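**Student:** Shown below is the structure under consideration.
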Amino acid sequence: MARLEEKTSYIIHYINLKQVMVNGLVVKKVHRVMQFNQLLWLKDYIDLNTEMRKSNNNVCIHMFTRFAVLDISKTKMYDYDYNVMRKHFKDTINLMYTDTDPLVYHIATRDFYADLLTRSGLL
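Taking full-length UniProt numbering, the leading residue of the sequence shown gets 1, the next gets one more, and so forth.
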């Protein structure tokens, strides 16, 4: 998790939680657990709304869908950070900044382009 301050009452998708715990996050307290089934139980309703929205420019996305997509995206980013970049560069890499999409690093290496050529997985 990119932010350094203490996290309290933090809402996180279970996939992201599993990953950050593997990478050293310590959970001190669980306040509550949200549970949801990933089923097609709203398919008919969504299909109806999709047809109705074709004539409307105001598209509303369900809060849980946005939450899941964003958190799974973060999981992919953290996986890349911990299991690709940090494994390759070890102590010579520092994460300087992150946001929804970017990861900005400071990397101390002799030839970054040579690293890219020898490790295509870095990109």
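Heads up, the beta-carbon is just placed ideally off N, CA and C, and yes, glycines get one too. Keep in mind that this is a model prediction, so the values were computed, not measured.
#1: If you measure between the beta carbons of glutamine 19 and threonine 75, is that distance less than 8 Å?
#2: Tell me which residue opens and which closes the beta strand (DSSP E) that asparagine 16 is part of.
#3: Sort Leu39, Val27 and Phe112 by Cα distance to isoleucine 11 and report the nearest one.
#4: By DSSP, does tyrosine 45 sit in helix, in strand, or in coil?
#5: On the CB-based measure, 16 or more other CB atoms within 10 Å of its CB, does asparagine 37 come out buried or exposed?
#6: Over what stretch of residues does the beta strand (DSSP E) that includes threonine 98 continue unbroken?
#7: Give me the residue from Tyr82, Tyr105, Arg66 and Val104 with the minimum Cα distance to valine 22.
#8: Taking just the CA atoms, how far does lysine 29 sit from glutamate 6?
#9: Leaving out five residues before and five after valine 104 in sequence, what residues of the same chain have Cβ atoms less than 8 Å from its Cβ?
#10: So, using beta-carbon positions, are isoleucine 93 and isoleucine 15 closer together than 8 Å?
#11: Suppose you measure from the CA of valine 33 to the CA of tyrosine 80; what does that come to, to the nearest Å?
**Tutor:** The answer reads as follows:
#1: yes
#2: Careful: asparagine 16 lies outside any beta strand (DSSP E), inside the alpha helix (DSSP H) at 14 to 22.
#3: Val27
#4: helix
#5: exposed
#6: 93 to 98
#7: Tyr82
#8: 12 Å
#9: Leu95, Met96, Tyr97 and Thr98
#10: no
#11: Roughly 27 Å separates the two Cα atoms.
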